[in-house]
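Visitor: Take any residue in the sequence shown, count from 1 to its spot, add 189: that is its number in the working numbering. Don't be surprised by glycine CBs; every beta carbon is placed ideally from N, CA and C.
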Amino acid sequence: MNDLSYSDFESALRQSLPFLDEETPVDAHASLTELGLDSLTLLGLVAELEDRFSVELPDEMLVMETFETPSTLWDSLSRLPRT
Numbered sequence: 190m191n192d193l194s195y196s197d198f199e200s201a202l203r204q205s206l207p208f209l210d211e212e213t214p215v216d217a218h219a220s221l222t223e224l225g226l227d228s229l230t231l232l233g234l235v236a237e238l239e240d241r242f243s244v245e246l247p248d249e250m251l252v253m254e255t256f257e258t259p260s261t262l263w264d265s266l267s268r269l270p271r272t
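1. The alpha helix (DSSP H) spanning E239 covers which residue range?
2. Compare the Cα-Cα distances from R268 to each of E245, M253, T258 and V252 and report the closest residue.
3. The alpha helix (DSSP H) that contains A162, what's its start and end?
4. Taking the straight line between their C-alpha atoms, what separation do you get for L206 and F198?
5. Within 10 Å of its beta-carbon, does V215 have 16 or more other beta-carbons around it, so buried, or fewer, so exposed?
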């Protein structure tokens, strides 16, 4: 899928983060690490986002500042060109 949709983004987060279930609203300012983001889930989340949105996250974006909150990740993701 090439179009960026926040609901698809939330779905990718729910699929990748162990402490974010279907009933839990996604707080745009919640800490992704508190929702279960670690080095392994980060790899899975990056792969899911790249595949789902036809983007490639450049190495310089693979820093914790990008993955602080859903909001910071969405802002970074939405600026990427589609492949």
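Guide: On the basis of the coordinates in this document:
1. S228 to F242
2. E245
3. A question about residue 162 goes unanswered here, because the residues of the chain that appear run from 190 up to 272.
4. As the crow flies, the alpha-carbon of L206 is around 12 Å from that of F198.
5. buried
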